[in-house]
Amino acid sequence: SDLFRLIADPNRLVDQRKLGLLLHDCIQVPRQLGEVAAFGGSNIEPSVRSCFEKAGKDKTTIEAIHFLNWLQQEPQSMVWLPVLHRLSAAETAK
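Residues in the sequence shown are numbered from 1 upward in steps of one, following UniProt numbering.
Put into structure tokens, the structure is as follows:
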């Protein structure tokens, strides 16, 4: 994922802090639209925790595959992204 590559270290790993920063930045779109409450609010900590829990017990870093597997579950903090993509694709198809 391009998003993951933006925050990964040279070993292609991401820690909780970097994932938190990415999710914080991503949630700014629905926040600016006044829709942040519909996507779990501004607290991204539960999303970071759920991503790392899905990756495995006691993980301190995750790989892209862990991140992508988590995204496939459509976590509430990120579900707006595929919705926006589908809306954009639908408008292009008109």
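For glycine and all other residues, C-beta sits at the position ideal for the given N, C-alpha and C.
Q: Flag Gln28 as yes if its beta-carbon sits less than 7 Å from any beta-carbon of chain B, otherwise no.
A: No chain B is present in this structure, which holds just one protein chain.
Q: Give the C-beta separation of residue 111 and Lys54 to the nearest angstrom, bearing in mind that I take them to be a contact with Cβ-Cβ under 8 Å.
A: The chain is shown from 1 up to 94; residue 111 falls before or after that span and cannot be answered.
Q: Return the bridge partner residues of Thr61 from the DSSP annotation.
A: Asp15, per the DSSP bridge assignment.
Q: Could you check what DSSP says for Gln32 in three-state terms: helix, strand or coil?
A: It is helical.
Q.
Just to confirm my understanding: we take Ile7, look at its own chain, exclude 5 residues before and 5 after, and list those with CB closer than 8 Å. What are they?
A. Contacts found: Val14, Lys18, Leu19, Leu21 and Leu22.
Q) Trp34: buried (16+ other C-beta within 10 angstroms of its C-beta) or exposed? A) As written in the sequence, residue 34 is Gly, which differs from the Trp given in the question. Exposed.
(Q) Suppose you measure from the CA of Glu91 to the CA of Trp80; what does that come to, to the nearest Å? (A) Between Glu91 and Trp80, the C-alpha separation is close to 16 Å.
Q. Whose C-alpha, out of Ala93, Gln76 and Ala89, is nearest the C-alpha of Ala30?
A. In the sequence as displayed, the identity of residue 30 is Pro instead of Ala. Answer by Cα proximity: Gln76.
Q) For Gln72, which of helix, strand or coil comes out of DSSP? A) For Gln72, the three-state secondary structure derived from DSSP is helix.
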